[in-house]
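Each remark here refers to the structure printed beneath this line.
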Amino acid sequence: MDAQDVIVIGGGNAGLCAALAAAERKARVLLLERAPTEARG
1 MDAQDVIVIG GGNAGLCAAL AAAERKARVL LLERAPTEAR G
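Written out as C-alpha coordinates, the structure is:
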(Lines of atoms letter the chains of each structure in order from A; the text may use other names.)
(Lines give C-alpha, C1' and ligand atoms only; values in the text may rest on other atoms or scores of the structure.)
Protein backbone atom coordinates (compact mmCIF):
# COMPACT_ATOMS: atom_id res chain seq x y z
CA MET A 1 0.00 0.00 0.00
CA ASP A 2 1.32 3.45 -0.89
CA ALA A 3 1.80 6.12 1.76
CA GLN A 4 -1.06 8.58 2.17
CA ASP A 5 -1.21 12.22 3.23
CA VAL A 6 -3.75 12.99 5.95
CA ILE A 7 -4.85 16.36 7.32
CA VAL A 8 -6.61 16.29 10.70
CA ILE A 9 -8.43 19.46 11.71
CA GLY A 10 -8.78 19.78 15.46
CA GLY A 11 -6.57 18.36 18.18
CA GLY A 12 -9.25 17.11 20.54
CA ASN A 13 -9.42 13.47 21.59
CA ALA A 14 -10.96 12.28 18.31
CA GLY A 15 -8.53 14.31 16.20
CA LEU A 16 -5.50 13.02 18.09
CA CYS A 17 -6.75 9.44 17.80
CA ALA A 18 -7.28 9.88 14.06
CA ALA A 19 -3.80 11.38 13.64
CA LEU A 20 -2.20 8.57 15.63
CA ALA A 21 -4.08 5.86 13.71
CA ALA A 22 -3.01 7.39 10.39
CA ALA A 23 0.62 7.69 11.51
CA GLU A 24 0.65 4.06 12.66
CA ARG A 25 -0.38 3.16 9.09
CA LYS A 26 2.64 5.11 7.76
CA ALA A 27 0.65 8.12 6.54
CA ARG A 28 2.17 11.58 6.57
CA VAL A 29 0.00 13.53 9.03
CA LEU A 30 -0.62 17.25 9.40
CA LEU A 31 -2.59 18.16 12.55
CA LEU A 32 -4.12 21.65 12.59
CA GLU A 33 -5.19 23.13 15.92
CA ARG A 34 -5.92 26.69 16.94
CA ALA A 35 -6.81 26.24 20.62
CA PRO A 36 -4.43 27.61 23.25
CA THR A 37 -1.78 25.13 24.41
CA GLU A 38 -3.48 24.51 27.77
CA ALA A 39 -6.81 23.64 26.06
CA ARG A 40 -5.46 21.14 23.52
CA GLY A 41 -6.14 17.41 23.47
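Numbering (the working numbering), first residue to last: 1 to 41. We put the beta carbon where it would ideally sit given N, CA and C, even for glycine.
Closest by CA to residue i, which one among the options?
i      : options                           : result
Gly-41 : Ile-9, Asp-5, Leu-16 and Ala-3    : Leu-16
Val-8  : Arg-25, Lys-26, Glu-33 and Glu-24 : Glu-33
Gln-4  : Gly-10, Ala-22, Gly-11 and Asn-13 : Ala-22
By a C-beta neighbour count over all protein chains shown, 10 Å radius and 16 as the cutoff for buried, is residue i buried or exposed?
i      : result
Leu-31 : buried
Ala-19 : buried
Which two residues bound the contiguous alpha helix (DSSP H) that contains residue i?
i      : result
Ala-14 : 13 to 24
For the beta strand (DSSP E) containing residue i, list its first residue and its last residue.
i      : result
Arg-28 : 28 to 32
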